[in-house]
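Chains as they are written, first to last, in this note's numbering: chain A, 1062 to 1376; chain B, 4 to 491; chain C, 13 to 308; chain D, 65 to 376; chain E, 17 to 336. Glycine included, every Cβ here is placed at the ideal spot set by N, Cα and C. Below is one structure, written out as structure tokens, with a few remarks after it.
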Amino acid sequence: MNSTLVEVRNLKKHFPSPAGPVKAVDGVNLKIEKGTSFGLVGESGCGKSTLIRVMLKLLEPTDGKVFFRGKDITGYGFRQMRPLRKEMAMVFQDPHLALNPRMTVFDIISRPLKIHGLARGKGELMVQVVETLKAMGLQTEHMIRFPHELSGGQKQRIGVARALVVEPEIIFLDEPTSALDVSVQTKILKLLDKARRERDLTFFFISHDINLIRVVADTMGVMYLGKIVETGPKEILLEDPHHPYTRGLFAAVPEPDPDKIITEIKLTGEVPSPVNPPDGCNFNPRCPYVQSRCREIEPELKELADGRSVACHLY
Amino acid sequence: AQTSVGIALQVEPSKLNPITYQDTETGFVLGSICDPLVTLDEEGEFIADDSVVESFSVDETGSEYTFVIREGITFHNGDPLTAHDVKFTFEAFMDEELGSPHHRYYTGIESLEMEGDYVLTVVLSEPNVTFLTMSRLRNHVLPKDYIEEVGWEGYERNPIGSGPFKFVEHSPGNRIVLEKFDDYWGKKAEIDEIVFRFYPELSTAIMALETGAVDFMPEMPAEEFMDLQDRGAPGLSFETYQKFEDHRICFNKREDSEFSDVRVRQAVAYAIDINELIALTRGDMAIPARGRIPSFHPAYAENANAYDVDLDKARELLAEAGYPDGFKTAIYAPAGYRERVQEAQQIQQQLAQIGIQAEVVTLEWGTYLDVTAEGEAPMFRERWSAGVPEPIGFVESWHSESSWNPIFGTYENPDVDALLDEIMQTVDSQKRWELYRELQEIAMDDVADYPLYWPLIGEAFNEDLYIPDNLWNAFRRPIYYINYWSYQ
Amino acid sequence: MSEDLQKEIASLKQKKTGQMYLTWLRFKRNRLSVVGLSFVLLVIFIAIFAPLLTPYEPYDTNPFRRLESPSREHLLGTDELGRDLLTRLLYGSRIALQVGILIVLFEGFIGISFGLLAGYFGGWIDEIIMRLVDVLRSFPVIILAMAIAGIMGQGLFNVVLAIGLVGWTTYARMVRGKILSIKESDYVEAAFATGESTVSVILRYILPNVLPTAIIMVCIMMPTALIASATLSFLGVGVQPPLPCWGSIAAAGRDYITRAPWISTTAGIFIMFTVLGFNFIGDGLRDAFDPTSKRN
Amino acid sequence: MKKGRYVLKRLVRTIPIVIGVTLVTFLILHLTPGDPVRIMLGPYATPENIAILRAQYGLDQPLPVQYLTWLGNIARGDFGTSIRYNRPVTELISDRIGITVLLTLSGLFISVTLGSILGILAALKQNSWLDYLCTFQAMFWISIPGFWLAIIFLYIFGLQLRWVPIAGLTGFVSLILPALTIGLQEEAWFARPMRAEMLGVLNEGYIKAARAKGVRYFQVVVKHALRNVMVPMITMLALRLPWVIAGSVVVEVVFAWGGMGSLLVNSVLARDYPVVQGVLLIIALSVVAANLFADLVYSLVDPRIRVEGGKK
Amino acid sequence: MEELLKIEQLQVAFSTEEGPVEALDGVELTILQGTFHGLIGETGCGKSVTGQAILGLLDNNALIKGGRILYRDQDLLRLSPRKIERTIRGKEIAMIFQDPGSSLNPLFTIKNQIEEAIRLHRKAPAEKREEMVLQALKQVKLPDAENLMYRYPHQLSGGMKQRVMIAMMLACNPKLLIADEPTTALDVSIQAQFIKVLKELKEKLSLTVLYITHDLAVISELCDYVSVMYAGRIAENLSMRDLFKDPRHPYTIKLVNSVLGATTTLDQLEEIPGSVPRLINPPGGCRFHPRCEEAIPVCSQEAPPLREIKANHSVACHRR
Ligand SMILES: Nc1ncnc2c1ncn2[C@@H]1O[C@H](COP(=O)(O)OP(=O)(O)OP(=O)(O)O)[C@@H](O)[C@H]1O
Ligand SMILES: Nc1ncnc2c1ncn2[C@@H]1O[C@H](COP(=O)(O)OP(=O)(O)OP(=O)(O)O)[C@@H](O)[C@H]1O
Ligand SMILES: [Mg+2]
Ligand SMILES: [Mg+2]
């Protein structure tokens, strides 16, 4: 039986800027069921990273609520959040930036254990760190290295190890492989997948690579300009994307197959600035099916019969 | 041939106002622009030569001074100089509003009376034999009409006088230029132009003199003079004369001070080797002092105890005073006064020999004045110089009621007070000199202050420059008589 | 298992060259910085052992042997009070280091603390501190210091105060800038995401990353401090005699530049070499501390 | 953001700095221990004189009132009256400011040109002997106290070689040594950043792109690189201005140029507070103005500031 | 088809403080007139260095240790820098770079920068140049070109900048365009638009392009021939079809199999064990051997030469 682990309601995050507020996240609703993997795709700048940071309370939301295990954690302060940090871990996009250059690998991985009091004594700490490292395919000798002495893939494995070591309930992954080469990417993906299956973890995975989301996610969401435009079970969405943006996006992905080439370009133009998103449906300037109400009324995220939700006046 | 003379000044004259200036440099410049009312001869007697008066006289009561002004003198703008101008000048000094630093010397004037255009009588409210001395009548006669027309600020911008040179320009921070006044009534200048240049940095000034960028530097420091002379710096001539000045150590003689005990002061006096100090900062450009009044003056006290170096005696005196192992104290000197700071360091070494550990404290001038006046400085290195022949200034501070008394460390001796009072009232100068001598002998026994030396002034100047011998003298000084200079 | 592990790690650690050692290796590669280091070490050595290096006392005057040119007896000649110049210069290293260190400590402490506050907390604290920095930086150090020392009086302490009053702004700006970039960095965010407290983030993540900058700053600011204090001496408001301070020796010697050029010159050279030393070290450290600055 | 708004914003940001500068200038002289008037007049002053002067300078008022009065006077161009010269401070400064400006600008000119040329050459010939020479000479000049350099220069070129007259400001020749002293000292501060910035810019994509489309290297350096280096160099210029001014104070004293620097030194030593305050304020305000000016210049050079639509 | 550019045994090293980096060690490839030639490989394998070597734009610390780059039978490596500058760059060969953000000079308008290229390589009177700028921008399908050319780079989005770059380089009228990962920084939807523009240009102008990327999917969209690089060497030269249908080199096979497609599952994905070697002390013999499952002793001793196994397909492997 699935139960909702994390839920956000009408979450908003606006950054002040000289030209007006940057509406990075602008009314996001989503639910992450326990034990599943939620994959969120969207193009660069649509607010994916910001969403994760708000959900993790690394940034204060402008509006909306975040629930964890049904509890509203929106107003939680540092102390209240602290025990939850053990439950919600995060893996960062760029492994070169996510590790403190002045800490050894051992320090980096053991810090979360120490913070949450998960190991008694130095011996136990070491055993746990080494085990985690081994699980990541690294050796004991890596423990005394500094990040700059590691390759990109190794660094990202440390990043994953840091998230896994506290045995969290859910891991938020912000494009964990986009800075890596394909061959290295495979390694990380497999490690993550293995960990998820072994530990019954919940994933919240974001990426701009649809193929990647397809591989790692059970449930999929598509984000555009700070909003979720379509979400639902992966198979349904991939099979038959409804939202014009989803369709355009899927069609634009090139295939590593000479027989399948992009024939038609459905997405023209560029993403508008999040400072001044268009009125109504914010996809309307690029939408081939645009109607007059699209320019005035913002479509709600409606649940359809097949289990997906879509924010479009067409449905 | 060269017709211009360059003069190096270390400080830029503040403003060319004969009434209000305080710095010697302004005096140097004004001395060529303006004529004095009376002058001094080589002995320090007041005379009428080179001045705007033909003659002057004092009545037998000593309270009426009559000046007969020379006829035919004109200011640089062509106006004639008359008794009106002299009166105007006196009034300017008396005018509190104008803020002359010498104002108080003129307070004794009751009235100024004119007889015709060329005779002025100054009537004092009570007899004062030193009126000429105190009112410093080296000061300059000013053009009344011109000043009334342009105002004081206008005057400062473009000062005129009746002197041998007229003002051309003052380029601030850079130079002041004067040119020969062709209609001068007296000895006409042979030099066409004087350029005063300002060198805040001593070494630069000396280099300027050496390279011929300037020809003369008034009151050059003894050390630099000695150096140029010893090296025989090419292109320069050298002259020396004694200044009316003395250098001394002052003690804080207030009760809480170690130096309130005369034996301690004597010990210090015995420990200080004046010859070393002179060697240090002046080479042979000084005469070891005996008493305070310089030796060329008739009031010189040959017999004032001079405390030749005697360390044993010094130690003995210290022990008697209760400091067999010496004590810790401090010697203060104003920062930026190189000689005084250097000598203080030497004295520190000398006192160390008798166990007195004196720290050298150098303070910025203003702070130095404050600290010494408030009696916070146990010992300090002082200097007194006078521009007039009456030596009263040297000794006045010993009077327990003098305003200078607390500043120089307080000193009380009824005999000294009585002698000083007597000096003030003695008209006969020979008798006065005698009293001065007696006074100094008493004070030296007390070591009221400890005089160190009387400096000689050496001037190095362009060897092509001819400066008459009679100007090399404490009371005349070449810088005030540039109209007598010439190029050979 | 855990004991074996500990042993294994201990042996690994032994084999592994430490971070400091690597920094040192990188530093050593830069020949100029080694030269700089040796200058500075020499100055420190001299400062410590000055009394053993010379038979003379720095304050012993001799009016009859002043301004002597270098001789066997007085290797660098004597100064204007007949003191042995070399002795004074050797002892002068003490004052130089003292002045330099005091200034750097003073301005470093204020600057780094304010920089930390401004950079970390941002907002109005940052605004106020940075405006103050802007204000103070509008005054040339020497000129403000001169005014302050001129008013408060001279002396070592006032020199330190006067120079430090503007000097700290340089630290504050650097440290703030560095912190802003560190604060924005993913690894700090990652630290918060794992539940680190603010204090811990500052101590474990921000400070260690600011430290190299701060150390480099010290090496860069030391020369400025030394030169500024020498200049104050020259302008007549610096450290006062008879303290054997290089700046005041060089400044006092200027009056004797024509007859005893060695006074000013040697003092100037002592200053120059020390300053050069710190500059070289600063340069070397900048490269040595930043392992990523070189291409792999 | 429109250019006008940018300019306005910069101006507004300057206001608190200007206020701060006046406050610091004011407080420095008023928070010092001791009574300024007593210090000004020295110990020989009578109590009446002190009282008169106190009233005259408004020192009997509470501090904030004094500040506001002072500020009001300054706004009207009245910097008070010099104690030593008994003349308006404004007049004293305006008489001398020209000399200091001349010296500062010529020193700045030498340092910027020399520094830029050396920095560019060093960057273009990275790791060559020229590069090392450039680094070394930069280190050398900044390791020498300015006054010492000035005196040595004067000694060598003035006294020994007699190439220049030691007579203060007497024409172009007399400008060479002072300007060179400042120029050499400051040159280092332009050469090294110039080198670094130039290296940075030369590594930028648009430089490679320009070369890839066949622009001659010389052209690339002159057109594409130099203009981009200008922005950080203008910042450097504004940043170094206080130091150049400080340098010219020292140089003025040594070379017997009576500019504002000499005036300041004399006034500090003579405790002529109104002058000290005036000079301090003028210098600080010109630095503020220079910074403002630099900001405005960027906006001319850099379209990212000039033209609306800055992305980040 | 005519060979436009032929690289033979190109060896490039960089001197660094830690020692020489042997970035390229015997690169061989041939670009045919009118084709798109892909160059793929993982980060740091030397793709960009190869591209830059062709144009003589290597960093100062580079040392060309051997080989030839034949462009229409003249060896570019033998040309003086001056000659390359005057006769090759822009005129014959142009290049666009990965980062669209930094490839345009922020201080000049688009028009100014394109005009510069036109002035250098095409004889046209000043009045006509504006027209040509407009033409160039329209050619790459930039909307609102009339206004756009007066803008500054910071006012454009990444995709637009990259298209301006192409327009600028094409304005030079080069015979060969080197594109160094031009789409890596772009979003998929923008990338698709960009690819489309390139394809159209290929047809219209019969453009020859050396396309550097690590994205095999893009290769499959655009390229006719492909060179696979590994650690400074060419592993395999082959046609695009062969890359997906008939790869021979163990590295190529792994690489192709590690790419996610629309239908691949995680289990199908292959990973390459170990990590890319550092080029300061590269492994002897075949540089791939430490990570190769099929390695035999000779692999660690001798570097395999490129051998043609069929037309337009050569492999550098001892086992094939
Ligand atoms: N701290 C911030 N201040 C102002 N704007 C911000 C801030 N962080 C993000 N933004 C803006 O918010 C928007 C969304 O940013 P975000 O980083 O969440 O996008 P993303 O989807 O993660 O993009 P990418 O795929 O490039 O990582 C962007 O327009 C970005 O410029
Ligand atoms: N100037 C240089 N100095 C030293 N090493 C260099 C230099 N330029 C490149 N290299 C090295 O040469 C190798 C090849 O670099 P290159 O930039 O060609 O890789 P790439 O294949 O383009 O990688 P990417 O996909 O990351 O762009 C790398 O190992 C790099 O570190
Ligand atoms: Mg992101
Ligand atoms: Mg590359």
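Does DSSP put residue i in a helix, a strand or coil?
| i | result |
| --- | --- |
| Tyr-1350 of chain A | coil |
| Asp-53 of chain B | coil |
| Gly-265 of chain C | helix |
| Thr-1280 of chain A | strand |
| His-1177 of chain A | coil |
| Arg-178 of chain B | strand |
| Pro-291 of chain B | strand |
| Cys-257 of chain C | coil |
| Thr-69 of chain B | strand |
| Val-145 of chain C | helix |
| Ala-274 of chain B | helix |
| Ser-209 of chain C | coil |
| Ser-125 of chain C | helix |
Could you tell me if residue i is buried or exposed, where buried requires 16 or more neighbouring beta carbons within 10 angstroms of its beta carbon?
| i | result |
| --- | --- |
| Arg-185 of chain C | buried |
| Trp-307 of chain D | buried |
For my contact list, residue i and residue j are in at a C-beta cut-off of 8 Å; report their separation, rounded to the angstrom.
| i | j | result |
| --- | --- | --- |
| Val-43 of chain E | Thr-66 of chain E | 6 Å |
| His-1269 of chain A | Ser-1105 of chain A | 6 Å |
| Ser-54 of chain B | Thr-69 of chain B | The pair is not a contact, with the Cβ atoms about 14 Å apart (cut-off 8 Å). |
Does residue i get closer than 8 Å to chain H when you measure Cβ to Cβ?
| i | result |
| --- | --- |
| Asn-255 of chain B | Annotation note: the requested chain H is absent from the structure, which comprises protein chains A, B, C, D and E. |
Please report how far the alpha carbon of residue i lies from the alpha carbon of residue j, in whole angstroms.
| i | j | result |
| --- | --- | --- |
| Met-1151 of chain A | Thr-1193 of chain A | 16 Å |
| Gly-1330 of chain A | Leu-202 of chain E | 13 Å |
| Arg-259 of chain D | Glu-250 of chain D | 15 Å |
| Ile-1271 of chain A | Pro-298 of chain E | 36 Å |
| Arg-1356 of chain A | Val-1332 of chain A | 16 Å |
| Pro-1317 of chain A | Arg-256 of chain D | 49 Å |
| Thr-145 of chain D | Thr-245 of chain D | 33 Å |
| Leu-322 of chain C | Gly-412 of chain B | Past the edges of chain C, shown from 13 to 308, lies residue 322 of chain C, and the structure says nothing about it. |
| Ala-289 of chain B | Leu-280 of chain B | 10 Å |
| Ile-209 of chain B | Leu-225 of chain D | 16 Å |
| Met-1281 of chain A | Phe-1264 of chain A | 11 Å |
| Glu-441 of chain B | His-105 of chain B | 30 Å |
| Asn-273 of chain E | Leu-322 of chain E | 22 Å |
_Stretch-stretch touch, CB-based, cutoff 8 Å, three pairs: the region 1230-1237 of chain A with the region 1252-1264 of chain A_ = yes
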